[in-house]
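Here's the structure, in structure tokens; my notes come after.
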Amino acid sequence: MNIRIPVSGSVSWIGANDRRKALFENVWPLPNGITYNAYIIDDEKTALIDTVDASASGDFLERIEAQLQGRQLQYIVVNHMEPDHSGMIDALTKRYPELRIVGNRRTFKVLESYFGITRNLVEVSDGDRLELGHHSLRFIMTPWVHWPETMMTYDASEQMLFSGDAFGAFGAFNGGIFDDEVHLEEWEDEARRYFSNIVGQYSAMVQKALAKLKGVPLRIICPTHGLVWRSKPSVIIDLYDRWSRYDARPGLLIAFASMYGNAEQMADYLARRIAEHGIRDIRVCDVSTTHLSFLLSEIWKYRAVMLGSCTYNNLLHPLMEQLCSKLTHIAPKNRIAGAFGTFSWNGGAVKIIRQTYEALGWPLVAEAVEIHGHPTPEKLTACDALALAMATADALTHHP
Ligand code: FEO
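Every letter in the sequence shown is one number past the one before it in our numbering, and letter 100, counting from 1, is 1561.
Pasting the structure below:
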């Protein structure tokens, strides 16, 4: 799309939509695609903020040339070295041999390891500035949002923040690039899924980054994925603040793993009993048919989680094991929990789910329930105390 898309001042969006990649990082599904946002500043000095994934670069280099109309690209600011943003640095250094690369000490270690680039480097530290003319850039170190070298770039003249992965979302653009060009309520799910899958593990570092931004006037936020926030930047700041504090809405995710339907029957029974108490925000998911990506997003959405599994060779069903392992790794906080499961000879699944909760610090609302064999109506009544405790928990009933 070789047209100029102005953002503010002499800054234009020059990113790419990617609707071909099936899995981001070869892990996370992209049913709605993804964007790689880069920004070009055509000032007295010229600069590019980040690049795009090489696999979706298309006519990226030609578009830069068209925007600069014969001028040289003088700087590239590297806020983040993950290849979805650094993928075109090597090509740019070949096309513009005098291009100066702006990054921090950690940026350049990764840059050398990926591309062997060691020259024309401009090393910056927290608070350093780069004057382009009208645009005055200041660098803010925000490590681990999302990699250790991550930084943000603040343009004081336009009160714009080039934020890297922070404030990003999954989803390619459907024409609308700015927050005032879309229905925001349709967009939030993909933003939360992106946060929980990619950045949520580093929530404490997101909080540190937000603290650093406190008091900085932010008129426009330009992330590397998803919408450019020029009308209501406070919406995405508030959401990232809430998500990184593990603040969730009242509601329950019931995720189950079931070989032959027994654990699934328990999940449905529990959901029904809880719904009978007037709880509406319940989501029941089969871990075998719902990708981990969406399960994590639901866990970031709701304050209560119930995991249930059949016992599989004395352990968890492999896909429940994957979910529990990931949860232990990324360690979301402030959830309440319930556990259930089935077994055919020896038990085991429920014990491992309980151990997962212990590691996470999630309290059980009631005793876990484990059923031997087929869950007959009589056996299912063993779930009633768990259903009642969950249905009457503050996490489901209290709407702040
Ligand atoms: Fe969008 Fe961490 O890269």
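Even glycine gets a Cβ: it sits at the ideal position worked out from N, Cα and C.
Residue i beta carbon near the ligand FEO (any heavy atom closer than 6 Å)
i, result
"residue 1543", "yes"
"residue 1512", "no"
"residue 1607", "yes"
"residue 1626", "yes"
"residue 1853", "no"
"residue 1789", "no"
"residue 1685", "yes"
Those residues which DSSP pairs with residue i across a bridge
i, result
"residue 1646", "DSSP lists no partner for residue 1646."
"residue 1467", "1473"
"residue 1592", "1597"
"residue 1690", "1682"
"residue 1561", "1536"
"residue 1490", "1484"
"residue 1772", "1777"
"residue 1622", "1615 and 1682"
"residue 1833", "1804"
"residue 1584", "1564"
"residue 1677", "According to DSSP, which records beta bridges pairwise, residue 1677 is partnered with nothing at all."
"residue 1497", "1477"
"residue 1765", "1713 and 1797"
"residue 1639", "1689"
"residue 1602", "1612"
Delimiting residues of the beta strand (DSSP E) encompassing residue i
i, result
"residue 1429", "A question about residue 1429 goes unanswered here, because the residues of the chain that appear run from 1462 up to 1861."
"residue 1746", "1743 to 1747"
Secondary structure of residue i, DSSP reduced to three states
i, result
"residue 1661", "helix"
"residue 1826", "coil"
"residue 1814", "helix"
"residue 1667", "helix"
"residue 1707", "coil"
"residue 1798", "strand"
"residue 1502", "strand"
"residue 1864", "This structure leaves residue 1864 out entirely; the chain is present only between 1462 and 1861."
"residue 1789", "helix"
"residue 1672", "helix"
"residue 1510", "strand"
"residue 1633", "coil"
"residue 1628", "coil"
"residue 1740", "coil"
"residue 1578", "coil"
"residue 1518", "coil"
Start-to-end residues for the alpha helix (DSSP H) that takes in residue i
i, result
"residue 1758", "1753 to 1762"
"residue 1521", "1521 to 1529"
"residue 1730", "1723 to 1737"
"residue 1550", "1550 to 1556"
"residue 1850", "1845 to 1852"
"residue 1750", "That residue, residue 1750, is in no alpha helix (DSSP H); it is neither H nor E in DSSP."
"residue 1544", "1544 to 1547"
"residue 1610", "Careful: residue 1610 lies outside any alpha helix (DSSP H) and carries neither H nor E."
"residue 1858", "1855 to 1858"
"residue 1838", "1838 to 1841"
CB contact check: residue i to chain B, cutoff 7 Å
i, result
"residue 1744", "Going by chain labels, chain B is absent from the structure shown, which holds only one protein chain."
- Message: Quick check: the region 1764 to 1775 against the region 1668 to 1679, are at least 3 beta-carbon pairs closer than 8 Å?
- Response: Contact fails: fewer than three Cβ-Cβ distances are below 8 Å.
Determine, using beta-carbon pairs with one atom in the region 1654 to 1664 and one in the region 1611 to 1630, whether at least three such pairs fall under 8 Å.
Short answer: they touch.
The region 1726 to 1734 contacting the region 1748 to 1766, beta-carbon criterion three pairs below 8 Å: No, the region 1726 to 1734 is not in contact with the region 1748 to 1766.
Q. Taking contact to mean at least 3 C-beta pairs separated by less than 8 Å, is the region 1491 to 1510 in contact with the region 1467 to 1481?
A. Flag = yes, the region 1491 to 1510 and the region 1467 to 1481 touch.
Three or more C-beta pairs below 8 Å linking the region 1732 to 1747 and the region 1841 to 1861:
yes
Any 3 or more C-beta pairs closer than 8 Å across the region 1834 to 1847 and the region 1809 to 1824 | Touching, no.
**Prompt:** Using 8 Å as the threshold, is the region 1814 to 1832 in touch with the region 1785 to 1796, meaning 3 or more CB pairs across them?
**Reply:** yes
Taking 8 Å as the threshold, find out whether the region 1580 to 1592 comes into contact with the region 1633 to 1648 through three or more Cβ pairs.
no
Could you check whether the region 1739 to 1750 touches the region 1823 to 1842, counting it as contact only if at least three pairs of C-beta atoms, one from each stretch, sit closer than 8 Å? no
task = Check whether the region 1567 to 1580 touches the region 1480 to 1491, taking contact to mean three or more Cβ pairs, one atom from each stretch, closer than 8 Å.
result = no
Check your understanding: Given 8 Å as the limit, is there contact between the region 1700 to 1720 and the region 1746 to 1763, that is, 3 or more CB pairs closer than that?
Key -> yes
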